[in-house]
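Engineer: Taking UniProt numbering, the leading residue of the sequence shown gets 1, the next gets one more, and so forth.
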Amino acid sequence: MATANIKEVARHAGVSLGTVSNVLNRPDTVAPATRQRVLDAISTLGYVRNDSARQLRAGHSRTVAIVVLDVANPFFTDVVRGAEQVVEEAGAMLVVCNSGEDSARERRHLELLEEQRVRGVLITPVGHGPQPNLDKLIDRGIPVVLVDRGTGRANRCSVAVDDVLGGRLAMDHLLDQGHHRIAYLGGPLSLAQVADRHAGAAAALEERGNGAELRVAVTSSLTVAAGRRAAEELLTLPARQRPTAVFCANDLIALGVLQELTARGLRVPADVAIVGYDDIEFADAAAVPLSSVRQPRDQLGRTAAQLLLEEAEPGDTHRHRHVVFQPELVVRRSSDHPRRARR
Numbered sequence: 001m002a003t004a005n006i007k008e009v010a011r012h013a014g015v016s017l018g019t020v021s022n023v024l025n026r027p028d029t030v031a032p033a034t035r036q037r038v039l040d041a042i043s044t045l046g047y048v049r050n051d052s053a054r055q056l057r058a059g060h061s062r063t064v065a066i067v068v069l070d071v072a073n074p075f076f077t078d079v080v081r082g083a084e085q086v087v088e089e090a091g092a093m094l095v096v097c098n099s100g101e102d103s104a105r106e107r108r109h110l111e112l113l114e115e116q117r118v119r120g121v122l123i124t125p126v127g128h129g130p131q132p133n134l135d136k137l138i139d140r141g142i143p144v145v146l147v148d149r150g151t152g153r154a155n156r157c158s159v160a161v162d163d164v165l166g167g168r169l170a171m172d173h174l175l176d177q178g179h180h181r182i183a184y185l186g187g188p189l190s191l192a193q194v195a196d197r198h199a200g201a202a203a204a205l206e207e208r209g210n211g212a213e214l215r216v217a218v219t220s221s222l223t224v225a226a227g228r229r230a231a232e233e234l235l236t237l238p239a240r241q242r243p244t245a246v247f248c249a250n251d252l253i254a255l256g257v258l259q260e261l262t263a264r265g266l267r268v269p270a271d272v273a274i275v276g277y278d279d280i281e282f283a284d285a286a287a288v289p290l291s292s293v294r295q296p297r298d299q300l301g302r303t304a305a306q307l308l309l310e311e312a313e314p315g316d317t318h319r320h321r322h323v324v325f326q327p328e329l330v331v332r333r334s335s336d337h338p339r340r341a342r343r
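See the structure below:
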């Protein structure tokens with residue numbers, strides 16, 4: 001059935017198109033009796049205003065987009081929740097796009113968002129090199145804020161966590177527990193967060209200079225299944241070469257490692273200690289509560305949305321900012337088992 005249009009509403013109510021427009025946009029300017037007649041016509045005909053077309057004519061939208069690496073990752077769920085609260089409080093709507101860690105898919109999302117002239121884009125990019133698609137959005141006047149990713153660019157805001165420091169915190173903890181054979185699990189290393197966490201861990205190990213070894217096992221994704229596969233590969237090593245501790249690039253990898261180790265009869269942390277990253281809700285609820293480097297997930301989303309909405313306001317007063325939060329190590333049973341000086 002065809003949707004009624006504004007002309008039919010005006011005809012049914014016996015008023016002009018301008019009066020219907022005033023009822024929809026400036027109801028206080030219309031006499032109560034006339035306003036009610038128009039509202040009755042809208043109800044009778046089932047008229048629904050084309051808000052998107054109206055916004056496009058005005059040159060702006062009430063839609064904000066967030067493009068995440070993995071919509072199934074609870075970390076991004078919490079980031080989205082924080083951003084959504086701020087966006088909705090501003091009378092706008094947040095739509096979520098999932099790049100799936102695929103640069104081609106990310107590009108298609110950005111092209112569609114540009115066509116829709118969204119109010120702004122929050123994004124955790126797939127790569128950390130040049131970003132021509134983001135530059136194109138900015139050139140069109142669409143604000144862009146990087147989430148969970150720093151930037152040296154002067155034309156966009158960013159909100160991130162010091163992941164190098166996070167890697168240091170995890171490695172220092174494992175070294176303090178007496179571990180000398182440690183593995184870093186995560187990937188791909190083209191993701192800036194994964195690379196930074198590894199860089200921090202490697203720097204801490206080098207500075208301590210106690211002869212500890214760091215084995216790197218690059219995974220194809222940051223999922224539970226990838227963690228299980230990485231653990232399987234580590235278990236093929238001879239016992240005297242096998243890591244006694246693993247630092248994982250995120251909690252999903254860590255949970256997969258925990259599942260595989262316990263399924264094979266190894267004790268966590270007595271045989272292998274585990275530290276994850278993000279401190280998602282499932283970390284504390286795991287069979288062996290998971291030590292993790294905590295990120296302020298909700299605050300990342302909230303701050304990014306606030307920066308974007310500030311930039312989207314008319315005027316030339318906005319100044320780009322790069323906000324960096326500090327991570328915190330949360331120690332739980334998965335790594336709280338000092339090995340003292342044993343090798």
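Every residue gets a Cβ at the ideal spot worked out from N, C-alpha and C, and that includes glycine.
(1) Work out the CA separation of residue 83 and residue 116 for me, nearest whole Å.
(2) For residue 78, count the other beta carbons within 10 Å of its own beta carbon; 16 or more makes it buried, fewer makes it exposed. Which is it?
(3) For the beta strand (DSSP E) that residue 10 lies in, which residues bound it at each end?
(4) Quick test of your reading: residue 185 and residue 249, contact by CB under 8 angstroms. State the CB separation rounded to the nearest angstrom.
(5) Got a sec, what are the start and stop residues for the alpha helix (DSSP H) residue 158 sits in?
(6) For the stretch 272-316, list the beta strand (DSSP E) runs that are entirely contained and at least 3 residues long, ordered along the chain.
(7) Quick check: residue 243 and residue 215, are their CB atoms within less than 8 angstroms of each other?
(8) With residue 64 and residue 118 assumed to form a contact (beta carbons below 8 angstroms), what rounded beta-carbon distance in angstroms separates them?
(9) With a floor of 3 residues, list each beta strand (DSSP E) that falls wholly inside the stretch 102-130, ordered by position along the chain.
(10) How big is the Cα-Cα spacing for residue 394 and residue 88?
(11) Throw me the rounded Cβ distance for the residue 288 and residue 258 pair, which I believe falls under 8 angstroms.
(12) Hey, out of 101, 148, 155, whose CA is closest to residue 136's CA?
(13) For residue 308 and residue 329, what's the separation of their Cα atoms in angstroms?
(14) How about the stretch 5-21 and the stretch 30-38: do they share at least three Cβ pairs that are nearer than 8 angstroms?
(15) Assuming residue 174 and residue 222 form a contact by the criterion Cβ under 8 angstroms, report the distance between their Cβ atoms to the nearest whole angstrom.
(16) Please classify residue 63: does DSSP put it in a helix, a strand, or coil?
(17) Is the number of C-beta pairs between the stretch 314-331 and the stretch 153-171 that are closer than 8 angstroms three or more?
(18) Spatial neighbours of residue 42 within its chain, please: CB distance less than 7 angstroms, with the 5 preceding and 5 following residues excluded, ordered by chain position.
(19) What residue from 192, 72, 285, 337 has the CA that sits closest to residue 128's CA?
(20) Rounded to a whole number of angstroms, what is the C-alpha to C-alpha distance between residue 194 and residue 91?
(21) Closest by CA to residue 334, which one among 276, 305, 310, 280?
(22) Do residue 255 and residue 218 come within 8 angstroms of each other at the CB atom, strictly closer than that value?
(23) Just the C-alpha distance for residue 332 and residue 286, rounded to the nearest angstrom, thanks.
(24) Going straight from the alpha carbon of residue 180 to that of residue 212, what length do you get?
Structural biologist: Concretely, from the data shown:
(1) C-alpha separation (whole angstroms): 20 angstroms.
(2) buried
(3) Per DSSP, residue 10 belongs to no beta strand (DSSP E); it is in the alpha helix (DSSP H), 6-13.
(4) Right, their Cβ atoms sit about 7 angstroms apart.
(5) Boundaries around residue 158 are those of the beta strand (DSSP E), 157-161, since no alpha helix (DSSP H) includes it.
(6) 273-278, 291-294
(7) yes
(8) Beta-carbon to beta-carbon, residue 64 and residue 118 are separated by about 6 angstroms, close enough to satisfy the 8 angstroms threshold.
(9) 120-123
(10) There is no way to answer for residue 394, as the model of the chain reaches only from 1 to 343.
(11) Sure, about 6 angstroms apart at Cβ, within 8 angstroms.
(12) 155
(13) 29 angstroms
(14) yes
(15) At roughly 20 angstroms, the Cβ-Cβ gap does not stay under 8 angstroms, so residue 174 and residue 222 are not in contact.
(16) strand
(17) yes
(18) Excluding its 5 nearest sequence neighbours in each direction, residue 42 has C-beta neighbours in its own chain below 7 angstroms: 9, listed in chain order.
(19) 192
(20) Near 35 angstroms, if we compare the C-alpha coordinates of residue 91 and residue 194.
(21) 276
(22) no
(23) Rounded to whole angstroms, residue 332 to residue 286 spans 11 angstroms at the Cα level.
(24) 4 angstroms
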